[in-house]
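Below is one structure, written out as C-alpha cells; comments come after it.
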Amino acid sequence: MAEKPILEMRGITKYIFDSYGVAIRNSTVRILDKVDFDLNRGEVHILVGENGAGKSTLMKVLGGLIPPDEGEVLLDGKVIRPKNAKEALEAGIGFIHQELNLCGNLSVSDNIFMGREIVRRGVKDKSAMRAKSAQLLDEMGVTNIPPETLVKDLSTAQQQIVEIAKVLSYDCRIIIMDEPTSSLTQREIDILFALIDKLRAQGVSIIYISHRLEEFERVGDRLSVLRDGQSIGTLERRDFDVDTIVAMMVGRTLGAMYENRHVPGHEPVLEVRNLRLEEKTAPISMHINAGEIVGMGGLVGAGRTELAKSVFGYRKCFGGEVFYQGRQLKTLNPADLIRHGIVYLTEDRKSEGLVLDMDVAQNISLASLFRMFPRFFMFGGKERELAEKTVSQLNVVCNSLSQLVRTLSGGNQQKIILGKCLATNPRLLILDEPTRGIDVGAKAEIYRMIDQIAESGVAVMMISSDMPELIGMSDRIYVMRGGAIVAEIQDKADMTQENILAYTIGKNA
Amino acid sequence: MQNTLEKSKGTSQSLWVRFLKNHGSILFFAVLFLLSSLFVPNFFTPRNVMTVIKQAAVPLVACMGLMLILTTGGIDLSLGYTLGLCSVLLGMMTKRYGIAAWQAIPLTLLIGAAVGLVNGSIVQFLHVPAFIATLGSGYVLYGIAQIFGKGDAFYQLPEDLLAFGTSRPLMIFAGGVPEEAMKNGLIGQILKLPSYVFIALIVAAIMYVVRHKTTYGRNLSVFGFNAKTARLSGVRTARLNVATYVISSTLVALASVLLTIRVNCAQSNLGGSNYTFEIVTAAVVGGTSLAGGVSSVVNCLFGVLVTKTLENIVNLMAVNIYLYQPLMGVVILIAIVLDAWKNRKL
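Protein chains in written order, with this note's numbering: chain A, 31 to 539; chain B, 1494 to 1839.
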C-alpha cells in the first residue's frame, strides 16, 4: 500500500437519535463509535456487518445524507463536509441505494441527466441527452437499454445499471453500492460483476455493501467488518474466509443455519386448483400441508409474488379455485383471509409492509387489531403487551416501543413485519423473500422462528430467491417460470442448486 | 446484539420541541389569547370570550368531520355547499311543509350521510382524487340547493326547531345567582350558553374517543399513511374510506342544523366555499396533515379557536372587515409551512 488512499474517514461517531431525530448524547448506544475507514484507488472495498451495525449510517455520512456528530471525512487528503447528496456527487462520491431512486415515468436519459439537463436555446435537448446516454451505456458495455425507454419498463437489474450510469456521468471516482445484488437474478449479477471489474480497471473505487458471503471473493479486494457501530477489522482478499468473516460479524460462531425440527403433516391447509395468473398463462395447481414449509423457486418475475398475492386476494386472477382447510374460498380479499388465518408477508417492506411514520408498537399490532379489540374500542394495555412480547421474542433492537419504524435498520424492520404477521395467529403463512437484505445473524434468527411456526402446525409458503435458504428450509419446492409451476421437487436429494436452476431457466423442460 | 429497550432519555429541551411539534396550535392559541387580552380593547371580557366560544361551536362540529377525511389523505371541498343544501332542506321541511323538528333534524342528517356516501363512492370506487370529486360534487349540491330554495331564505323558523339549539341547559342552576352577575359576570355568561355549544362539545368528546381510542381511528391513520400496507394488513379499506365520508358529511349536516338555528335563517348561501376554506384552515392550524395520517381532536379544537379568535379581533378592532380573509390566508400558509418543517425527516 504505497499509494495514499483517496478516501479516509476518521473517528466517525453518530449518536442514537430519538423518534424526532434529536441526538441522545448521553445514551450508551451509539450508531457509530469512532469508526475509521479508508479506500484506495481502483479497489472494491466490501463493508459487512449485521443489520443495525451501522453500515448504512456510515455510508449516509459519506454520501452527505446525514452529518456526523464527530469525526471527519478526507478526500484526497482534504477534509470535505458534503451537506447533501448533490454536493457529495459533485465531489465525486456517488451513492447507489438499495431501493433505487429513479423516476419510473421518465426515460433512461432523463433519469441520467436529471437536474442538469442539457439545454439548447432554453429547451431541453433530448437528442443530445440520448446520444450521451447511449455513449455512456456503451462505454459500460451495455447495449440492451435504449436511452428513450421508460425506466418503469426495465427490469430491476437494468434499472440498477441506469443508476450506475447516472453516477458515472458525474465522473464519480467513488461509488457506494448498497446491496446491489439483493433483488437480482444470477445472470444479472454476473453482468453487474463484469461491470464492476471494468470500473475497477478504470480506476474507480467502489464501496460494496452486501450480506452475501459467496460474492465476496468474486468482487472484493479488501473487506471491513462493522459490529455494533465499531470497526472490528479489515481483511485482505487472501484472508477472506467465511468462518472468520462470520465470527467477526456476529462476535460469536453461528450454529447450523438450517436446523429444522418441524415435521410436515399430511392434512392440506391450502389447495389451489387451476388458477391462472394471466389470461394466457398455464393453470396452476398446488397444495400446502399443515406444518409444512413449501419453497417457491424461480426468477424474479416468474409469477411467485403474483401467485401469493392472488391467493391472498390482493390481485386479480383468472379462473381457478382456492380451497382452505377443505372449504372453497369464494371471494378472496385480504381482510377476510386474515380473519380466517391466512397472512402474507410482503417482499416490499417499506411500501407494503410497514407504516414508516408510526411507531414500533403500532406497526406490530397493525394486522391483529380486529382480534385484540373485537369490540371496536382500544382501551387497556393489550397493544403494548403484544409489542413487548414480540420485541423480546424476535430480538428487535429498538430504542423504545414508541420509536418510529422509519428510524430502524432494515433487519429490525423485517422482524417487525414478521411479528405483525405472527400476531394474527395464522394457520397459513405466506412469506415473500423473508430475509431479503438481512444479515446472517438475523437470518438465522428468522429461520429459527419459521421452523418454530411450522412446528406448531402452521402451513408455510416461502418465496425465496436465495438458493441455500430455499433448499435448507423447504420440505417441498415448487419451481415457477413464466407465470406457471414447471416443477415440483419432493425429494430432499433432488433439491440441488443445479437442479432448481435448470428448471428455473427451462433447460430440462 | 443486545436488546435495548431503555427509555429514551430526552433532554428538557427536546421535550419542549416535542410539545411544540405535537401541540403547536395550543401554544399558538395561548399566545394569541394573551396578546389579544393585553392589546385589544374589549377582548378580555366575559361576554366577548363567550362570543368567541359560541362562534367556534358550529365550525368545531364541521371540523371534526373534515379532520377524519383529511386523515385518510382526502379532502372535502363540498363541505360548505353540503352545509347550504342541508340548511335549505331543513328550512323547507320545517317552514314550508310543517314537519316537526324531531323528524326534520334526523332527515337532514340522513341527507348529509347520503351526500357523504356519494362523495366517498366517487373517491373510492371511481378512483377520482378527492380534491376534484368533491369540487365537482360541491357545485352540483349548490345547484340543487338553489333549485330547491329558489334562491330564497326561510326566516323565523318554528319554535320547536330553535329550541333544539338555543335552549339554555345550564339555566336550571341559575337560582340564587345575583342579577348583576347574571347580566355581566362570567358565571352568568356561562349559564346562558346555548345548547348548541354543548352539542358541539359532546360531538368533540365522542370524536376524541372515535379518533384516538378505537380501531376505526387507528386504521384511519394507517390508511392515510399507507393504503397498501393497510389493505395487506387486513383493513377493510374501501369500507373505511366510504364510511369516513359518510360520517364526515353527517357531521357537516349537524353543523348545518346548528348554524341554521343559530342565525334563525335557512338558506343555500349559509356555507359556501368561504366556509369550506375556514374549516380547512382550522384543521390545518390544528396540526392535521394534508398528506394524511396525522390528526388530533384536541389540536383541531384549538385550531378552530385560533381562527375564531382572529375573526373576533378583526371585528373588535373595527378595521376593514375584508382584512379577515387575507389574514386567514396568511394563517393557513404559515400553518402549512410549519407542518412541512415539523415533518421534515432526518
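Even glycine gets a Cβ: it sits at the ideal position worked out from N, Cα and C. Since the structure is predicted, the reported quantities are computational estimates derived from the model, not experimental observations.
| Query | Result |
| --- | --- |
| Restricting to Cα atoms, I'd like to know which of A:M491, A:L461, A:E73, A:E193 is closest to L229 of chain A. | A:E73 |
| Does Y1701 of chain B come within less than 9 Å of chain A when only Cβ atoms are used? | no |
| Roughly how many whole angstroms lie between the Cα atoms of T1800 of chain B and G1717 of chain B? | 25 Å |
| Give me the subset of the region 446–465 of chain A whose CB atoms are less than 8 Å from a CB atom of chain B, sorted by chain position. | K450, T454 |
| Does any residue of chain A bring its CB to less than 9 Å from the CB of S1789 of chain B? | no |
| Does the CB of R1711 of chain B have a neighbour CB from chain A at under 9 Å? | yes |
| Taking CB distances under 9 Å as the criterion, tell me whether T1564 of chain B reaches chain A. | no |
| Which chain B residues sit within Cβ distance under 7 Å of A365 of chain A? | G1727, V1728, R1729 |
| Is it buried or exposed, N442 of chain A, if we count other Cβ atoms within 10 angstroms and call 16 or more buried? | buried |
| Taking Cβ to Cβ, would you say Q188 of chain A is nearer than 9 Å to I205 of chain A? | no |
| Using a Cβ-Cβ distance under 9 Å, would S381 of chain A count as near chain E? | Considering every chain present, this structure includes no chain E. Its protein chains are A and B. |
| Which class does K108 of chain A belong to by DSSP, given the choice of helix, strand or coil? | strand |
| What's the gap between the Cα of L88 of chain A and the Cα of E245 of chain A? | 21 Å |
| Using only CA atoms, which one of B:P1534, B:T1565, B:L1628 lies nearest to G1573 of chain B? | B:L1628 |
| Three-state secondary structure (DSSP) at I221 of chain A? | helix |
| Since K1721 of chain B meets chain A, which of its residues come closer than 8 Å, beta carbon to beta carbon? | S381, E382 |
| Determine contact between the region 388–402 of chain A and the region 1751–1768 of chain B, defined as no fewer than three beta-carbon pairs at a distance below 8 Å. | no |
| Going along chain B in order, which residues have a C-beta closer than 7 Å to the C-beta of V385 of chain A? | V1715, F1718, N1719, T1722 |
| Using DSSP bridges, identify the partner residues of T264 of chain A. | A:S254 |
| Can you pull the chain B neighbours of A397 of chain A, defined as C-beta to C-beta under 7 Å? | S1726, G1727 |
| Is V1807 of chain B near the ligand ADP - that is, is its Cβ less than 8 Å away from at least one heavy atom of it? | Summarising the ligand content, the structure contains no ligands, and the ligand ADP is consequently not present. |
| With which residues is V103 of chain A paired in a DSSP beta bridge? | A:M39, A:I110 |
| For G350 of chain A, collect the residues of the same chain with a Cβ closer than 8 Å to its Cβ; drop the 5 residues on either side in sequence, then sort them by chain order. | V302, R303, N304, L305, R306, P313, I314 |
| What does DSSP give as the partner residue(s) for K154 of chain A in the beta ladder? | A:V149 |
| Where does Y354 of chain A land, buried or exposed, given buried means 16+ other C-beta within 10 angstroms? | buried |
| Does the distance from the C-beta atom of I126 of chain A to that of L105 of chain A stay below 9 Å? | no |
| Comparing the C-beta of Y344 of chain A with each C-beta of chain B, is any distance below 9 Å? | yes |
| How would you call I1699 of chain B, buried or exposed, if buried means at least 16 neighbouring beta carbons within 10 angstroms? | exposed |
| Are the CB atoms of I515 of chain A and V341 of chain A nearer to each other than 9 Å? | no |
| For the candidate residues A:A115, A:L434, A:L359, whose alpha-carbon lies nearest to that of N393 of chain A? | A:L434 |
| Please work out which residues of its chain come closer than 8 Å, Cβ to Cβ, to D168 of chain A, disregarding the five sequence neighbours upstream and downstream, and give them in chain order. | none |
| Cα separation between I468 of chain A and G259 of chain A? | 17 Å |
| Among B:G1779, B:A1549, B:L1809, which has the Cα closest to the Cα of L1831 of chain B? | B:G1779 |
| How about F406 of chain A: is its C-beta nearer than 9 Å to some C-beta of chain B? | yes |
| I believe R160 of chain A touches E178 of chain A by the beta-carbon criterion, under 8 Å. Please report the beta-carbon distance rounded to the nearest angstrom. | 6 Å |
| Using only alpha-carbon positions, find the residue among A:P404, A:I42, A:K380, A:K419 that is nearest to A391 of chain A. | A:K419 |
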